[in-house]
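Quick note: the sequence shown, position 205, residue 245 per this note's numbering, numbers continuous.
Scroll down for the structure; my scribbles are underneath it.
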Amino acid sequence: MATSRLGIGFIGSGFVTRFHLQAWVGVRDADVLGIYSPNPEHAASTADLARKLRVGKARAFNSIEEMIAAPEIDCLWLCGPNHQRLQNMQSICDALKSGKGKLIGIACEKPLGRNAHEARRMVEMVEQSGLLHGYLEDQMFAPSVTRGKQIIWSRAATLTGRPYLARAAEEHSGPHSPWFWQGELQGGGVLNDMMCHSIEVARFMLTKPGAPRASIRPVKVSAQIASLKWSRPDYAKELQETMGPEVDYRTKPSEDFARATINYLDEDDNPLIVEVTTSWSYVGPGLRLSLEVLGPEYSMSMNSLDSGVKLFLSRKVQGAAGEDMVEKQNAEQGLMPVIGNEAAEYGYESQDRYFVQCFLDGKQPEESFYDGLEVTELLMTAYMSAEQERTIEFKPDGLDSYVPLVAQGLWKSRSV
Ligand SMILES: NC(=O)c1ccc[n+]([C@@H]2O[C@H](COP(=O)([O-])OP(=O)(O)OC[C@H]3O[C@@H](n4cnc5c(N)ncnc54)[C@H](O)[C@@H]3O)[C@@H](O)[C@H]2O)c1
């Protein structure tokens with residue numbers, strides 16, 4: 041390939057794009073050169089941030105077509121909101137079909153689609169486009185996760201047998217933008233929003249390094265969802281006041297708690313278990329990612345809030361509320377953990393570096409839209425299980441046309 045350095049364009053200019061820009065400080069061989077958002081002010085301020093961070097001479101674009109047509113743009117990071125995913129992808133495909141641009145690859149944020157049908161459409165469109173494609177699952181690239189996996193498999197599993205149980209959780213006190221809280225726009229509640237991470241990181245830990253995804257097979261799923269906090273009248277009122285009139289959890293809640301067990305089989309039909317929990321009803325110092333892996337003679341555990349730095353701030357330190365110590369922090373006083381470099385520790389930095397290297401080498405990334413599709417299929421099976429209150433064999437009939445009640449705005453109960 042003639043290109044020795046890639047120009048990257050971001051679609052979306054919100055919270056996650058800013059995380060990627062922080063991470064880009066540690067990414068080589070690629071510059072952030074474009075930002076598109078339908079809101080020109082958002083695009084301009086995010087492009088400004090990229091320039092301030094010196095991750096590239098980014099400029100704001102007025103449309104996806106214009107950004108693709110710009111000769112300096114080689115790859116796209118698709119980071120718009122979930123309900124715009126298909127439309128964003130359609131615009132990319134239309135621009136390419138009309139002969140614009142010289143794109144090499146596209147990397148897409150989670151979830152690939154709001155349901156299995158949308159995720160499958162994303163796969164079909166990327167196949168037709170001929171682009172290399174990556175599915176952005178940052179937690180699989182977190183240094184603690186990759187290092188833990190490497191040591192478990194090279195030192196312990198080779199001598200005593202493969203790991204058989206992975207538990208993963210992601211919890212915080214609720215998302216930052218109104219659309220996340222609206223089932224129809226987001227595709228569900230916390231199960232759809234965050235269990236995608238836990239499912240994929242747990243599956244990754246149980247998969248032998250270098251073995252294909254299909255080397256372990258999901259065979260059944262059992263799950264439960266509930267609205268534990270945000271549909272309580274006082275909290276529903278508070279939520280509506282902060283997120284706007286469309287977010288009414290008294291009449292249209294989404295789940296703020298979900299758990300699932302996924303049974304897998306390995307190559308020799310030995311059972312493996314993945315347990316995942318996720319919530320928007322966790323109040324603590326901030327976002328908590330936890331992971332445990334158990335094998336016959338070993339175990340591993342990780343908790344992102346067990347950080348290397350802790351601050352104690354007395355009651356006289358009465359500053360403004362913020363997220364300066366850790367994402368989604370719930371307090372500014374007392375004993376607080378601080379994460380030195382969140383973008384690196386959550387995995388964004390290694391993730392973005394990996395996808396840049398693949399695209400530069402003209403190589404299809406191992407974590408791709410196909411993985412995004414399977415994660416979505418598992419999430420939808422978990423919703424089916426929660427609604428029907430029974431264990432469901434994977435893959436169930438009707439998965440491709442299934443839309444969870446929460447995503448239709450029809451989920452009324454506070455718990456299933
Ligand atoms: N990997 C992670 O841990 C992680 C974390 C947060 C969000 N995400 C995912 O990233 C995506 C974006 O989330 P966010 O937190 O940045 O959301 P956000 O609400 O903070 O920002 C969304 C941005 O998209 C822009 N936008 C609106 N309509 C658009 C359109 N039609 N096309 C393109 N952009 C549009 C908005 O102007 C805004 O800047 C979501 O799919 C979300 O699930 C992933």
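Think of the CB as a built atom: it goes at the ideal place given N, C-alpha and C, for glycine as much as any other residue.
Query - Rounded separation between residue 285 and residue 216 - CA only - result: In the sequence shown, residue 285 corresponds to position 245, counting from 1. In the sequence shown, residue 216 corresponds to position 176, counting from 1. Straight through space, the alpha carbons of residue 216 and residue 285 are spaced by roughly 15 Å.
Report task. State the beta-bridge partners of residue 115 as determined by DSSP. Result -> What you label residue 115 is simply residue 75 of the sequence shown in a count that begins at 1. Residue 115 pairs with 48 and 145.
Query - Integer-rounded CB distance, given that residue 231 should sit under 8 Å from residue 291 - result: In the sequence shown, residue 291 corresponds to position 251, counting from 1. In the sequence shown, residue 231 corresponds to position 191, counting from 1. So it is not a contact: roughly 20 Å between Cβ atoms.
Query - Rounded Cβ spacing between residue 73 and residue 48 (contact assumed at less than 8 Å) - result: For the purposes of this step, residue 73 is taken as the residue at position 33 of the sequence shown. For the purposes of this step, residue 48 is taken as the residue at position 8 of the sequence shown. The pair is a contact, with the Cβ atoms about 6 Å apart (cut-off 8 Å).
Requested in this report: For the segment 190 to 276, list the beta strand (DSSP E) runs that are entirely contained and at least 3 residues long, ordered along the chain.
Outcome: Listed in chain order, they are 205 to 211 and 257 to 266.
Query - residue 418, enclosing alpha helix (DSSP H) - first and last residue - result: Counted from its first residue, the sequence shown places residue 418 at position 378. Residues 409 to 428.
Report task. Measure the Cβ-Cβ separation of residue 329 and residue 188 and say whether it is below 9 Å. Result -> Here residue 329 is taken as the residue at index 289 of the sequence shown, counted from 1. Here residue 188 is taken as the residue at index 148 of the sequence shown, counted from 1. Pairing residue 329 with residue 188 gives a Cβ-Cβ distance that is not under 9 Å.
Query - Any non-hydrogen atom of ligand 1 within 8 Å of residue 126 CB - result: Numbered from 1 along the sequence shown, position 86 holds the residue referred to as residue 126. Taking 8 Å as the cut-off, the C-beta of residue 126 does not count as close to any heavy atom of ligand 1.
Query raised in the report: Under a Cβ-count criterion, where at least 16 other Cβ atoms within 10 Å of its own Cβ denotes burial, should residue 396 be classed as buried or exposed?
Result: What you label residue 396 is simply residue 356 of the sequence shown in a count that begins at 1. Around the C-beta of residue 396, 16 or more other C-beta atoms lie within 10 Å, and the residue is accordingly described as buried.
Query - Same chain, Cβ closer than 8 Å to residue 56, five either side skipped, listed in chain order - result: Within the sequence shown, numbered from 1, the residue matching residue 56 stands at position 16. Cβ within range, chain order: 119 and 149.
Query raised in the report: Rounded to the nearest angstrom, how far is the Cβ of residue 433 from that of residue 259, given a contact under 8 Å?
Result: Residue 433 sits at position 393 when you count from the first residue of the sequence shown. Residue 259 sits at position 219 when you count from the first residue of the sequence shown. Right, the Cβ-Cβ distance comes to about 7 Å (below 8 Å), so this counts as a contact.
Query raised in the report: Hey, would you say the C-beta of residue 108 is under 8 Å away from at least one heavy atom of ligand 1?
Result: Here residue 108 is taken as the residue at index 68 of the sequence shown, counted from 1. Within the chosen limit of 8 Å, ligand 1 does not reach the beta carbon of residue 108 with any heavy atom.
Query - Residues near residue 349 by beta carbon distance below 6 Å, same chain, minus five either side - result: The count along the sequence shown starts at 1 and reaches residue 349 at position 309. Cβ neighbours of residue 349 within its own chain (closer than 6 Å, five residues either side excluded): 378.
Requested in this report: Run the proximity test for residue 219: is its beta-carbon closer than 8 Å to any non-hydrogen atom belonging to ligand 1?
Outcome: The sequence position of residue 219 within the sequence shown is 179, counting from 1. Under cutoff, so the answer is yes.
Requested in this report: Report whether the distance from the Cβ of residue 205 to the nearest heavy atom of ligand 1 is below 8 Å.
Outcome: Numbered from 1 along the sequence shown, position 165 holds the residue referred to as residue 205. For ligand 1, no non-hydrogen atom lies closer than 8 Å to the CB of residue 205.
Query raised in the report: Can you find a heavy atom of ligand 1 that lies under 8 Å from the Cβ of residue 405?
Result: Taking the sequence shown and counting its residues from 1, one reaches residue 405 at position 365. It does not: the Cβ of residue 405 is nowhere closer than 8 Å to a heavy atom of ligand 1.
Requested in this report: Please name the residue, chosen from 142, 152 and 354, that lies closest to residue 127 on a Cα-to-Cα basis.
Outcome: For the purposes of this step, residue 127 is taken as the residue at position 87 of the sequence shown. Of 142, 152 and 354, the residue nearest in Cα terms is 152.
Requested in this report: Would you mind stating whether residue 234 and residue 117 have Cβ atoms separated by less than 9 Å?
Outcome: By 1-based counting over the sequence shown, the position of residue 234 is 194. By 1-based counting over the sequence shown, the position of residue 117 is 77. In this structure, residue 117 does not lie closer than 9 Å to residue 234 by Cβ.
Report task. Thinking residue 100 and residue 84 are a contact (beta carbons under 8 Å), I'd like their distance in whole angstroms, please. Result -> Taking the first residue of the sequence shown as 1, we reach residue 100 at position 60. Taking the first residue of the sequence shown as 1, we reach residue 84 at position 44. Contact annotation, residue 100 with residue 84: C-beta distance approximately 5 Å; criterion of less than 8 Å satisfied.
Report task. Could you check what DSSP says for residue 294 in three-state terms: helix, strand or coil? Result -> The sequence position of residue 294 within the sequence shown is 254, counting from 1. Shown here, residue 294 sits in coil according to DSSP, grouped into three states, outside any helix or strand.
Query - Identity of the residues DSSP links to residue 343 by a beta bridge - result: Residue 343 sits at position 303 when you count from the first residue of the sequence shown. Bridge partners of residue 343: 330.
Report task. Would you kindly report the start and end of the unbroken alpha helix (DSSP H) that includes residue 388? Result -> As a position in the sequence shown, residue 388 is number 348, starting the count at 1. That run of the alpha helix (DSSP H) goes 388 to 401.
Requested in this report: Ignore the nearest five residues each way along the sequence and tell me which others in residue 411's own chain have a CB closer than 8 Å to its CB.
Outcome: For the purposes of this step, residue 411 is taken as the residue at position 371 of the sequence shown. Correct list, in chain order: 175, 177, 240 and 253.
Requested in this report: Classify residue 128 as helix, strand or coil using the three-state DSSP reduction.
Outcome: Along the sequence shown, one-based indexing puts residue 128 at 88. Here DSSP, grouped into helix, strand and coil, assigns residue 128 to helix.
**Report entry** Cβ-based neighbour list, residue 424, same chain, cut-off 7 Å, excluding 5 preceding and 5 following
**Finding:** Here residue 424 is taken as the residue at index 384 of the sequence shown, counted from 1. Excluding sequence neighbours, residue 424 sits near 432, 436 and 442.
**Report entry** Same chain only: Cβ atoms within 8 Å of residue 393, ignoring 5 sequence neighbours per side
**Finding:** As a first step, residue 393 is located in the sequence shown; it is residue number 353 there, counting from the start. Same-chain partners within the cutoff: 66, 67 and 68.
Query raised in the report: Nearest-angstrom Cα distance between residue 76 and residue 218?
Result: The sequence position of residue 76 within the sequence shown is 36, counting from 1. The sequence position of residue 218 within the sequence shown is 178, counting from 1. Linking residue 76 to residue 218 through their CA atoms gives a straight-line distance of about 20 Å.
Query raised in the report: Hey, quick one: how far does the alpha helix (DSSP H) through residue 92 stretch, first residue to last?
Result: Taking the sequence shown and counting its residues from 1, one reaches residue 92 at position 52. DSSP places residue 92 in the uninterrupted alpha helix (DSSP H) bounded by 80 to 92.
**Report entry** Residue nearest to residue 355 in terms of C-alpha spacing, selected from 364, 370 and 374
**Finding:** Taking the first residue of the sequence shown as 1, we reach residue 355 at position 315. Among 364, 370 and 374, the Cα nearest to that of residue 355 belongs to 374.
Query raised in the report: Whose CA, out of 80, 337 and 380, lies closest to the CA of residue 198?
Result: What you label residue 198 is simply residue 158 of the sequence shown in a count that begins at 1. The alpha carbon of residue 198 has as its nearest neighbour, out of 80, 337 and 380, the alpha carbon of 337.
**Report entry** CB of residue 108 within 9 Å of CB of residue 89, strictly
**Finding:** Start at 1 with the first residue of the sequence shown, and residue 108 comes out as number 68. Start at 1 with the first residue of the sequence shown, and residue 89 comes out as number 49. Not a contact, by the Cβ cut-off of 9 Å.
Requested in this report: Note down, in chain order, each residue of its chain lying with its Cβ closer than 8 Å to the Cβ of residue 347, except the 5 sequence neighbours on either side.
Outcome: Your numbering for residue 347 matches position 307 in the sequence shown. The residues are 366, 377, 378, 379 and 380.
Query raised in the report: In the structure shown, what three-state DSSP assignment does residue 301 receive?
Result: Here the question's residue 301 lines up with position 261 in the sequence shown. Strand.
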